[in-house]
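Numbering (the numbering used here), first residue to last: 4 to 409. Some notes on the structure that comes next.
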Amino acid sequence: MNMIESFAWIVAASATTDGLLLLAVLFWPSAPATESSATARRVGVRRLVRALLIVGVVFGVKIVISTFFGVHQFGWIRMAYIDLVVMIPATSAIVLLSEAVRSTDRRRCAPAMSALACVGLLGAPVGYYASYVEPYRLQLEKADVDVGGRVVVRSPIRIGVLADIQTDRVGDYERHAIDRLMAERPDIVLLPGDLLQCTRREYAAQIDEMREVVKRLDAPGGAYFVEGDVDRMDRLTPLFWATPVRLLMNEMVETRVGDQRVLIGGVELRYNSPEAVALIRRLSEAPRMGRIKILLAHRPDVIYELPKDADIDLVVAGHTHGGQVVIPGFGPLITMSGTPRDVAGGGLHELNGAQIYVSRGVGMERGLSPPLRFFCPPEISLLTLTGRRDAVMPPDTAVSLASQGN
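If you want it as structure tokens, here you go:
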């Protein structure tokens with residue numbers, strides 16, 4: 004039994020303990036034995052608040068203890084999530100059923116308490132939707148990116164973005180995501196990292212399936228991948244063998260789409276390492292020669308490493324998953340990024356003097372994290388690069404990528 008399977012049992016035990024504790028505090032006799040008033044014995048909102056506070060304190064103790072066993076914040080979120088969508092609805096159902104079998108004069112809950120128990124039942128369908136429906140409501144997001152201020156674009160270029168597949172098993176959903184993107188006939192495909200999130204043994208079992216899937220990413224201008232949080236370099240090289248996907252590790256590559264030249268730079272996961280910063284500088288300083296310049300990175304925070312007035316047309320990133328859980332009017336609860344909440348939430352933005360597109364991604368956080376998305380559906384992206392067509396092109400000079408330090 005691996006850690007994830009063991010943790011599932013721990014989460015189940017934690018939720019059961021919380022539920023029993025909640026019921027015990029709610030219905031522990033508080034009135035004197037001689038008290039006969041039904042009103043005095045009824046459980047009201049005040050008792051519920053007290054019970055939830057006690058459960059909250061116990062939950063905090065469990066968090067402290069779990070840190071000694073290697074459980075991190077995603078594990079704590081999973082424990083809380085199961086309480087919200089399983090424990091509370093189950094406890095609410097028990098309360099309502101116990102009331103239903105009692106006569107009116109023998110009921111133990113005040114009307115307000117019964118109403119809150121009905122509300123508590125909603126956690127179950129909401130949890131089902133968040134875990135089993137929305138994570139597979141794949142959206143095609145389209146954005147027009149104007150790069151005409153710096154370069155002539157003879158005809159629109161279509162860039163497909165496939166971020167954060169981040170699955171533990173390759174299945175129909177992952178195949179559908181790739182097939183749907185390729186049906187849009189992108190000229191170039193960019194993959195900002197995070198393919199498989201699983202154990203080494205599971206990876207060995209899935210690598211052939213994933214290789215067959217990424218073989219479909221055969222775009223005229225190529226497909227390019229950068230390292231993500233769950234990727235390991237020693238695994239990526241054999242995975243991409245005999246596929247159209249090229250791994251960029253602090254490297255630049257020039258490609259062509261028709262008669263349009265595109266220069267793509269890809270940085271490692273540590274976007275602020277000396278090697279990554281040097282690559283960003285080389286990309287910015289590379290002679291234009293009519294080329295569109297794109298920086299590909301896993302984390303959107305790379306935008307802060309761009310030099311002032313960087314000569315880069317577009318930054319493409321993933322990592323945030325759009326937050327996975329979004330509160331309308333507020334935005335994503337957690338982004339794991341230092342970029343503004345609206346930027347990390349996904350889409351095309353201007354930040355630090357540059358255009359950046361952040362994808363919400365195809366998959367979701369795995370491992371100890373609860374599998375969920377809420378008001379944040381997954382996406383594949385199609386970016387159309389457009390710009391001026393009537394400017395005078397600068398004369399091409401024989402400058403090789405090798406002379407730029409590539």
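Ideal placement from N, C-alpha and C gives every residue a C-beta, glycine not left out. For clarity, every value in this text was computed on a predicted model and none was experimentally measured.
query: Between the segment 225 to 236 and the segment 187 to 196, are three or more C-beta pairs nearer than 8 Å?
result: Verdict: yes, contact present.
query: Mind checking Y135: buried by the 16 CB within 10 Å criterion, or exposed?
result: As a first step, residue 135 is located in the sequence shown; it is residue number 132 there, counting from the start. Exposed.
task: Give me the Cβ distance between H322 and D175, rounded to the nearest whole Å; I'm assuming they're in contact under 8 Å.
output: For the purposes of this step, residue 322 is identified with residue 319 of the sequence shown, where counting begins at 1. For the purposes of this step, residue 175 is identified with residue 172 of the sequence shown, where counting begins at 1. Contact between H322 and D175 fails: their C-beta atoms lie close to 25 Å from each other, not under 8 Å.
query: Taking C-alpha atoms, which residue in L388, M252 and S158 lies nearest to E230?
result: Working through the sequence shown from its first residue, we reach residue 230 at position 227. Minimum Cα distance to E230 is reached at M252.
message: Tell me the rounded alpha-carbon separation between G47 and S17.
response: For this step, residue 47 is matched to residue 44 along the sequence shown. For this step, residue 17 is matched to residue 14 along the sequence shown. If you draw a straight line from the Cα of G47 to the Cα of S17, it is about 25 Å long.
Closest residue to M339 among G332, F333 and A347 (Cα-Cα distance): By 1-based counting over the sequence shown, the position of residue 339 is 336. M339 has its Cα closest to that of A347, out of G332, F333 and A347.
- prompt: For C201, which beta-bridge partners are listed by DSSP?
  reply: Within the sequence shown, numbered from 1, the residue matching residue 201 stands at position 198. Per DSSP, none; premise fails for C201.
Contacting residues, own chain, Cβ-Cβ under 8 Å from R264 (five flanking each side not counted): Locating residue 264 in the sequence shown gives position 261, where the first residue counts as 1. Setting aside the 5 residues that flank it on each side, R264 is surrounded in the same chain by E257, T258, M292, G293, R294 and I295, each with a C-beta closer than 8 Å to its C-beta; the list follows chain order.
Reduced DSSP category for T258 - H, G, I as helix; E, B as strand; rest coil: Looking up residue 258 in the sequence shown gives position 255. Here DSSP, grouped into helix, strand and coil, assigns T258 to strand.
CB contact flag (F228, G268, <9 Å): As a first step, residue 228 must be located in the sequence shown, where it is residue number 225. As a first step, residue 268 must be located in the sequence shown, where it is residue number 265. No, they are not a contact pair.
task: Using a threshold of 9 Å, state whether the C-beta atoms of F71 and S372 are closer than that.
output: As a position in the sequence shown, residue 71 is number 68, starting the count at 1. As a position in the sequence shown, residue 372 is number 369, starting the count at 1. At least 9 Å separates the beta-carbon of F71 from that of S372.
task: Decide if Y307 is buried, meaning its Cβ has at least 16 other Cβ atoms within 10 Å, or exposed.
output: Taking the first residue of the sequence shown as 1, we reach residue 307 at position 304. By the neighbour-count definition (other C-beta atoms within 10 Å, threshold 16), Y307 is an exposed residue.
- prompt: Can you list, in chain order, the stretches of the alpha helix (DSSP H) that have 4 or more residues and sit fully within the segment 123 to 166?
  reply: As for any alpha helix (DSSP H) of minimum length 4 sitting wholly inside the segment 123 to 166, the runs are 126 to 135, ordered along the chain.
task: Take T240 and list the residues in its own chain whose beta-carbon comes closer than 8 Å to its own, dropping the five residues that flank it on each side.
output: Sequence index remark: in the sequence shown, residue 240 carries index 237 (1-based). Excluding residues within five positions, the ones whose Cβ falls inside 8 Å are L250.
- request: From the DSSP output, read off the bridge partner residues of R264.
  value: Looking up residue 264 in the sequence shown gives position 261. For R264, which the question treats as bridged, DSSP gives the partners R259 and R294.
- prompt: Should F62 and A93 be called a contact, given that it needs their Cβ atoms to be closer than 9 Å?
  reply: One-based indexing of the sequence shown puts residue 62 at position 59. One-based indexing of the sequence shown puts residue 93 at position 90. In this structure, F62 sits away from A93, with a CB-CB distance that is not shorter than 9 Å.
query: Taking only runs of the beta strand (DSSP E) that begin and end inside the segment 331 to 356, which ones reach a length of at least 3 residues, in chain order?
result: Complete beta strand (DSSP E) runs here, min 3: 350 to 354.
- prompt: What number of angstroms, rounded off, separates the C-alpha of Y274 from the C-alpha of E254?
  reply: What you label residue 274 is simply residue 271 of the sequence shown in a count that begins at 1. What you label residue 254 is simply residue 251 of the sequence shown in a count that begins at 1. Pairing Y274 with E254, the inter-Cα distance amounts to about 12 Å.
query: Should T246 be listed as close to the ligand SAH, given that the test is whether its C-beta is under 8 Å from any heavy atom?
result: This structure simply doesn't include the ligand SAH, nor any ligand for that matter.
field: Beta-carbon separation (whole angstroms), A281 vs E271, contact threshold 8 Å
entry: For the purposes of this step, residue 281 is taken as the residue at position 278 of the sequence shown. For the purposes of this step, residue 271 is taken as the residue at position 268 of the sequence shown. About 11 Å separates the two Cβ atoms, so there is no contact after all.
task: Flag this pair as yes or no: are the beta carbons of Q169 and R376 separated by less than 9 Å?
output: Here residue 169 refers to the residue found at position 166 of the sequence shown. Here residue 376 refers to the residue found at position 373 of the sequence shown. The answer is no: Cβ separation not under 9 Å.
query: Is K311 close to chain C, meaning its C-beta is less than 9 Å from at least one C-beta of that chain?
result: Absence of chain C from the displayed structure is noted, only one protein chain being present.
field: Coil, strand or helix - E230 by DSSP
entry: Taking the sequence shown and counting its residues from 1, the one referred to as residue 230 is at position 227. Judged by DSSP in its simplified three-state form, E230 adopts coil rather than helix or strand.
C379 classed as buried or exposed, judged by whether at least 16 other C-beta atoms fall within 10 angstroms: Here residue 379 corresponds to residue number 376 of the sequence shown, with the count starting at 1. Result: buried.
query: Would DSSP call V173 helix, strand or coil?
result: As a working mapping, residue 173 is identified with position 170 in the sequence shown. V173 falls in the coil class under three-state DSSP.
Rounded C-alpha distance that separates A113 from E102: Here the question's residue 113 lines up with position 110 in the sequence shown. Here the question's residue 102 lines up with position 99 in the sequence shown. The straight-line gap from Cα to Cα measures roughly 10 Å.
message: In this structure, how does DSSP classify G269 when only helix, strand and coil are distinguished?
response: Within the sequence shown, numbered from 1, the residue matching residue 269 stands at position 266. Correct three-state label for G269: strand.
message: I'd like to confirm the pairing. Which residues does DSSP put opposite Q358 in its beta bridges?
response: In the sequence shown, the residue the question calls residue 358 occupies position 355. In the DSSP assignment, Q358 is bridged to E353.
- request: Taking V217 as the reference, give the member of Q358, P277, E187 and A180 with the closest Cα.
  value: If you number the sequence shown from 1, residue 217 lands on position 214. Of the candidates Q358, P277, E187 and A180, the one whose C-alpha sits nearest the C-alpha of V217 is A180.
query: Taking the continuous alpha helix (DSSP H) assigned at D285, which residues delimit it?
result: Counted from its first residue, the sequence shown places residue 285 at position 282. Looking at the sequence shown, residue 285 is not Asp but Arg. Segment P277 to E288, the alpha helix (DSSP H) holding R285.
- prompt: Helix or strand or just coil, what does DSSP make of W313?
  reply: For the purposes of this step, residue 313 is taken as residue 310 along the sequence shown, with counting starting at 1. Here residue 313 is Ala; the residue named in the question, Trp, does not match the sequence. Residue state, collapsed to three classes: coil.
task: Would you kindly check if the distance between the Cβ of V365 and the Cβ of E187 is under 9 Å?
output: One-based indexing of the sequence shown puts residue 187 at position 184. One-based indexing of the sequence shown puts residue 365 at position 362. Going by C-beta atoms, E187 is not nearer than 9 Å to V365.
field: DSSP three-state assignment for V28, whether helix, strand or coil
entry: For the purposes of this step, residue 28 is taken as residue 25 along the sequence shown, with counting starting at 1. Residue state, collapsed to three classes: helix.
- request: Provide the residue(s) that pair with C112 in DSSP beta bridges, ordered along the chain.
  value: On the sequence shown, position 109 is the one that residue 112 refers to. C112 is bridged by DSSP to V46.
query: Thinking just about the alpha-carbon of each residue, which of R214, R238 and D262 is nearest to the one in P247?
result: Residue 247 sits at position 244 when you count from the first residue of the sequence shown. That would be R214, whose Cα lies nearest to the Cα of P247.
- prompt: If you follow the beta strand (DSSP E) that V248 is part of, which residue opens it and which one closes it?
  reply: Along the sequence shown, read from residue 1 onward, the residue named residue 248 stands at position 245. Looking at the DSSP string, the run of the beta strand (DSSP E) that includes V248 is V248 to L250.
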